[in-house]
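Protein chains in written order, with the working numbering: chain A, 1259 to 1573; chain B, 1259 to 1573; chain C, 1259 to 1573; chain D, 1259 to 1573.
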């Protein structure tokens, strides 16, 4: 291609303005004409919209990070209720915290900018810290009581089945991820389930429990294998990202849509920060896929994306 | 303080929802009841609002990073036009790019997610890259022509005076930072002015130029010294942050409000990523100051903050 | 405390020099008199040394990140062979890659600085990319052959038992982590075992496999519970860090020594980047613990630490 | 290229070991056969070695970050004394801190891992904090006394000339950067000189001072223009990196060697974190250049590099 052709193909960066049009959908559209992470946020909104509108697409959603303690349980709930997620892969911590909130316990606000946080004092007062969020120990006692009251018929079911059972047992709640997944029959996979407070309580109370992680793994492969079209949104890295990607390798056409929202970076070589291009070498993401990586805190990005998608789907 | 008192003082993390109320002001208010960077974004909006409403407050705004190439020249323009900035400290690059856009040149969109970027090809086609933004070399020729047409009466004026003169010479423009600052008499400080393309052109054309950086430095100290109340919003780190902070040490009461939006972190010891608490040890920020640090890309945060402030001030 | 006392208590930063004394032990000692990450590297070496010399101490070592593909399988092997690790918690990926290298397959060097990496071409050539390391697909075929040749007597054993069995089956090798752990009876825990290529092969070949993750979880709690003294070195975050920490909560005295080497940061709220002080609020790390967090790539830090420890222990 | 040729061209990742050979030169050579940042550290050592051995090469060294307070003034001194740096570009802060140490003042060690840092108390005790390093205010009084004793003949000399003059005035010192540069006639450029404590004192005492920043800028362009071969090592980003790069654009062949050591990343679009490939689009770095970017804290990397270079040059 000669110089002139190349340059003429390029679009201008349009200076972003907020004038009279304050519709979130138009603002995100505008952002996609800028640069850096803002542009990729604009693009990611559009890609997610296309995933939703593509009736053949199975949307695999990876959720790492303490998103429930931070106060975004309700946003994830709404993603699921709105039909924006077909398969959820998350950490044991998010499930434990979801259960705690659903049982009526609460996370509390610390203030990292104002107070000197003194972790020794917090420990003396039986308060656990998650950055600027506090979690009193009594939450775990509540989970313990709840767990010991369960009647688990099959101690060898897959983790995803157990999580569905759990969702059915808990009270109704406008924010609960477990509950809305159970209601809408959205599978939750949690490959590192024994790495959380809920699993510890289960292990202490049910000596013979052996939830079947391999059946989950194979079911997930089947979901990817059977997907006519696959798309993924990865919030944070960790096990959820890797588990979705190892399954997508079995999807005949790899992922056609891929979004990641993370603070992790590629240079230290870990999978959490790996680019979506790297995923193409593995056949996890298709060569022709629409992709966007936003280097940003999900607590800022997820509410904006949900807001965009809500409005776009309403219309 | 005993356990019970401590816990009762703490507020709950409220799960964030976007329901029928989609007013940006209310959404940011809601965010301040969550955790992590989202909470600090909510707090930062509120702190900036208070800075604006505090009639005695001089607002020092530090702007590092390639914010103009990315497409957010217009947002900075609007911050200034709306009266949200009293003193601007920025990099030579932002001034050079502002001038380029104001003279009618444009930045172009690359696509880091889609294309393989080949920097050798770009160089062959006389295109410079700023992450996913492209800048054709012809821009610098345009700046050269403009510079050689100037009639600079005093080659030893402070940089800030020269930038005001520049703002007066350029055509009117709805996005130009130089123009709106000249119109509204907002000083622009640029301590590393010789570190940019505009300064190179000046140096090549005006052999005896010796813009007085020390007068700027002292003027800035005076501005801090005279501020009844001082507040600061730091976008990125670098020289703008340090220059504002070294001046604020001379403010009798230090900064009462301080916001920073950055991707830099404290652990490597550089000033760019230093916490606002560290700034308290130096007397740059007051002990009782309201502060918020958002670890995020400014291209995402600035539009949201502007939107919030615009609505809050309208009402 | 008054000003004078406070200042007199402080030690000077000593300017670091490499003169005639080039002994690694002395250089690390010198580093501990400086600042920033270098100082914490010096401190971490000393803390690890004390852990080793403390005969009562059980050393829990967490290993996330693609440390084997990067070429540091041998360093981890030597940590274990030298007796510097009592309990290893790692990812399925590291085990899969360890197995591949032990079976005679190799990772290959890409060059991120020199070549334009084209992931589509890599995929066409059946090469998978891990940042700047390439892994040909044939490796997985080799693992498949190996797995199908195994005679697994008990499909419900804990993962840690299976990994020991695996270590016994593989050929001897001067770098293999699985092998040296089997030989020295060092348990390997892998809570997210189904999140890796090895587990996929197991699941495909052994339809009834249900390795017991809960028994691992409880065994790990017992190890922490029984530790007279506990210490931990966390390389990267992820599941290994969390799994060690959830267990250390059950250690009567919490960890007395804690080192972490990571590129993750606290501000986004995830456990991977959480500070060791935060761990004190949970009772994972003791109030009086010796701690050091190094924000650095483990591929640089681990060889230096091993070198230091090797020399210190020899003497 | 067909598959087979491509694969055969690739080198194996060699598992790194520290056996009996503990020579730093051999260890770095070994590292260059691994992956991730360790490999790039190995490569960077080799590239720096080649720069030194290339008699035609002018080595431009950029130094941002608080490297003197952290205790690595002596290492930079030794780089210069050994002839590893031909042109130094740094921040006002590093010069101010270098002067302080040379005048007999000292930085003190805080302890970020052990103590709760209370910045309000530090301020009350007239101690300024730079992450985990403390700087008592009395240092600035010492600098003030020194400055007021100077006999500056020409208040309009370039900053680089003033810094040479300063180096001549200060006492001899085995660590001083100013001193060794003056002795060896190595120019120090400091484009943001008015952004530091030393410049503040100068401005307060010499009302008519107007050190000529533009002459520095042009002299730097000349140095790049005249370099038969250019090489650069960039420690941190900021103004030093940009100033070197804007000058290298005028080097007929661009930089043939380029190393950067930084914790900054490309995704937010700032120049500090920009890749060396991006620099090729601008003609700052040659297409065929040898390059390495290490994402790491310079306080860890610089001592290792110096050690390697010292041994390699001795032999």
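C-beta atoms are modelled at their ideal positions from N, C-alpha and C, and glycine is treated no differently.
{"Query": "Name, going along the chain, the residues of the segment 1508-1523 of chain A whose beta-carbon falls closer than 9 Å to a beta-carbon of chain D.", "Result": "1523"}
{"Query": "Taking residue 1529 of chain D and residue 1499 of chain D to be in contact with their CB atoms under 8 Å, please state how far apart those CB atoms are, rounded to whole angstroms.", "Result": "6 Å"}
{"Query": "Quick one, are the C-beta atoms of residue 1252 of chain A and residue 1268 of chain B less than 8 Å apart?", "Result": "A question about residue 1252 of chain A goes unanswered here, because the residues of chain A that appear run from 1259 up to 1573."}
{"Query": "Going straight from the alpha carbon of residue 1385 of chain A to that of residue 1394 of chain A, what length do you get?", "Result": "4 Å"}
{"Query": "Under 8 Å between the Cβ atoms of residue 1449 of chain B and residue 1508 of chain B?", "Result": "no"}
{"Query": "State buried or exposed for residue 1311 of chain B, treating a residue as buried only when at least 16 other CB atoms are found within 10 Å of its CB.", "Result": "exposed"}
{"Query": "Counting only C-beta atoms, is residue 1435 of chain A closer than 8 Å to chain D at any point?", "Result": "no"}
{"Query": "Where residue 1416 of chain C and residue 1476 of chain A are concerned, what is the direct C-alpha to C-alpha distance, given to the nearest angstrom?", "Result": "19 Å"}
{"Query": "Where residue 1300 of chain B and residue 1287 of chain B are concerned, what is the direct C-alpha to C-alpha distance, given to the nearest angstrom?", "Result": "6 Å"}
{"Query": "Compare the Cα-Cα distances from residue 1358 of chain A to each of A:1547, A:1459, A:1539 and A:1467 and report the closest residue.", "Result": "A:1459"}
{"Query": "At 9 Å on the CB atoms, spell out the chain D contacts of residue 1565 of chain C, in chain order.", "Result": "1276, 1280 and 1285"}
{"Query": "Pairing CB atoms from the segment 1541-1553 of chain C with CB atoms from the segment 1291-1308 of chain C, are three or more of them under 8 Å?", "Result": "yes"}
{"Query": "Would you please verify whether the beta carbon of residue 1476 of chain C is less than 8 Å from any beta carbon of chain A?", "Result": "yes"}
{"Query": "Do we get a CB-CB distance below 8 Å when we pair residue 1500 of chain A with the residues of chain C?", "Result": "yes"}
{"Query": "How should residue 1208 of chain B be labelled, buried or exposed, when 16 other C-beta atoms within 10 angstroms of its C-beta is the threshold for buried?", "Result": "Outside the modelled stretch of chain B, which goes from 1259 to 1573, sits residue 1208 of chain B, for which no answer is possible."}
{"Query": "Taking residue 1492 of chain A as part of the beta strand (DSSP E), name the residues at either end of that continuous run.", "Result": "1487-1493"}
{"Query": "Run through chain A and tell me which residues come within less than 7 Å of residue 1295 of chain D, C-beta to C-beta.", "Result": "1525 and 1526"}
{"Query": "Output needed in chain order: residues of the segment 1534-1567 of chain A with a Cβ under 7 Å from some Cβ in chain D.", "Result": "1553"}
{"Query": "Give every residue of the same chain whose Cβ lies closer than 6 Å to the Cβ of residue 1355 of chain C, excluding the five residues on either side of it in the sequence, and list them in chain order.", "Result": "1326 and 1327"}
{"Query": "For residue 1515 of chain B and residue 1489 of chain B, which I take to be in contact (beta-carbon distance under 8 Å), what is that distance rounded to the nearest angstrom?", "Result": "4 Å"}
{"Query": "Using DSSP with H/G/I as helix, E/B as strand and the rest coil, what is residue 1389 of chain A?", "Result": "coil"}
{"Query": "Closest Cβ-Cβ distance between residue 1355 of chain A and chain C: below 8 Å?", "Result": "no"}
{"Query": "If the criterion is Cβ atoms closer than 8 Å, does the pair residue 1303 of chain B and residue 1309 of chain B meet it?", "Result": "no"}
{"Query": "Under 8 Å, with one C-beta from each stretch per pair, do the segment 1424-1443 of chain B and the segment 1433-1450 of chain D reach the 3-pair mark?", "Result": "no"}
{"Query": "Any beta carbon of chain C sitting closer than 8 Å to that of residue 1452 of chain A?", "Result": "yes"}
{"Query": "Is residue 1305 of chain C closer than 8 Å to residue 1548 of chain C when the C-beta atoms are compared?", "Result": "yes"}
{"Query": "Using a Cβ cut-off of 8 Å (strictly closer), state whether residue 1573 of chain B contacts chain A.", "Result": "no"}
{"Query": "Please confirm whether residue 1456 of chain C and residue 1353 of chain C have their CB atoms less than 8 Å apart.", "Result": "yes"}
{"Query": "Return the bridge partner residues of residue 1564 of chain C from the DSSP annotation.", "Result": "DSSP lists no partner for residue 1564 of chain C."}
{"Query": "May I have the straight-line CA-CA distance separating residue 1387 of chain B from residue 1557 of chain C, to the nearest angstrom?", "Result": "31 Å"}
{"Query": "Is it true that the CB of residue 1570 of chain C sits closer than 8 Å to the CB of residue 1399 of chain C?", "Result": "no"}
{"Query": "Per DSSP, which one or two residues make a beta bridge with residue 1346 of chain C?", "Result": "C:1319 and C:1446"}
{"Query": "Report yes if the C-beta distance between residue 1560 of chain D and residue 1497 of chain D is below 8 Å; otherwise report no.", "Result": "no"}
{"Query": "Check whether chain D comes within 8 Å of residue 1366 of chain C, counting only Cβ atoms and requiring the distance to be less than that.", "Result": "yes"}
{"Query": "Kindly give me the distance between the Cβ atoms of residue 1389 of chain D and residue 1527 of chain B, rounded to whole angstroms, as I take these residues to be in contact under 8 Å.", "Result": "4 Å"}
{"Query": "Could you work out which residues of chain B lie near residue 1390 of chain A, taking near to mean beta carbons separated by less than 8 Å?", "Result": "1293, 1294 and 1297"}
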